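Below is one structure; the comments refer to it alone.
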Amino acid sequence: MVGEGLIKGLYVTLKHFIGTYIDDIRWLGRRYYRDEAILTRQSPKARGVFTVQYPEEKLPLPEGFRYIPFLVYEEAEDGTIEDRCTSCGICAKVCPPQCIWIERSNDPETGRPIPAPTNFYIDIDICMNCGLCAEFCPFDAIKMDHDYELASYNRLESHIFDKDRLSRPVEYYRSIRPSDYAVEEAARAEKEAAKNARRRAGSA
Ligand code: SF4
Ligand code: SF4
9 MVGEGLIKGL YVTLKHFIGT YIDDIRWLGR RYYRDEAILT RQSPKARGVF TVQYPEEKLP
69 LPEGFRYIPF LVYEEAEDGT IEDRCTSCGI CAKVCPPQCI WIERSNDPET GRPIPAPTNF
129 YIDIDICMNC GLCAEFCPFD AIKMDHDYEL ASYNRLESHI FDKDRLSRPV EYYRSIRPSD
189 YAVEEAARAE KEAAKNARRR AGSA
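In terms of the numbering used here, the sequence shown has 65 at position 57, counting the first letter as 1, and numbering is strictly consecutive.
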């Protein structure tokens, strides 16, 4: 029949149009800020128009999502903070656009270098979110963040992130990348157990 396709197309459009209002009523008052709502509305169960109402609604991020890197630090029970970073400089060497600068620390008495950065900078306008720094870091000290809301009114100094701005506790890393964290911790525990076994065998 002539025009059959056109009628079918109009029917689909109308169905989505009405479905949008039905979905709005179904999620009345619960549409935003709820994981349950966003997960359903981003699944095949959703009806109507699927536009995400950012910033009220945000899509859930996959664990592997990469934005700007951050530096991981450990916090002891007494509140002492220890950077994982040893300022070895590998991340700065492998960074394709060369947007990492590291200021190494020196022992104030001997003047010799010590394995800790005095400062650490990343130019976030240049960073291309490739994740190579995190891949190559031998100390699991730099990881890719999920935080993508970094807009500011000053695009110069505020886009050069320093060590304070980049540092995050290991708990934060665990919260955004639980699988990676679990794999790394298992490898660390295995290495530690092997080291202890060697030590015991040596002292026997
Ligand atoms: S973040 Fe990792 S690779 Fe980069 S300087 Fe620190 S320890 Fe080395
Ligand atoms: S994510 Fe890539 S571009 Fe960004 S700092 Fe790391 S290595 Fe450099």
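Where is the CB? At the ideal position from N, CA and C, for every residue including glycine. Just so we're clear, the structure is a prediction, and the values are computed from it rather than from any experiment.
Under DSSP, the alpha helix (DSSP H) around Lys151 begins and ends at which residues?
From DSSP, Lys151 is part of no alpha helix (DSSP H) but of the beta strand (DSSP E) over 150-152.
In this structure, does DSSP put Thr214 in helix, strand or coil?
Because the chain spans 9 through 212 in this model, residue 214 falls outside it and cannot be assessed.
Verify whether the separation of the beta carbon atoms of Ser113 and Thr94 is less than 8 Å.
no
Put Asp91 into one of helix, strand or coil per three-state DSSP.
strand
Burial state of Phe25, where buried means 16 or more other Cβ atoms lie within 10 Å
exposed
According to DSSP, Asp131 sits in a beta bridge with which residue or residues?
Ile168
Quick one: what's Tyr189 bridged to in DSSP?
DSSP lists no partner for Tyr189.
Which residues bound the alpha helix (DSSP H) around Leu79?
Looking at the DSSP string, Leu79 is not in any alpha helix (DSSP H); the run it does join, the beta strand (DSSP E), is 77-83.
Gln61 versus Ser160, Ala205, Arg49, Leu14, residue with shortest Cα-Cα distance
Arg49
How about Tyr75 and Met136: are their beta carbons less than 8 Å apart?
no
Close Cβ partners of Ile7 (< 8 Å) along its chain, the five nearest in sequence each way excluded
One cannot answer for residue 7 here, as it falls past the ends of the chain, which runs 9 to 212.
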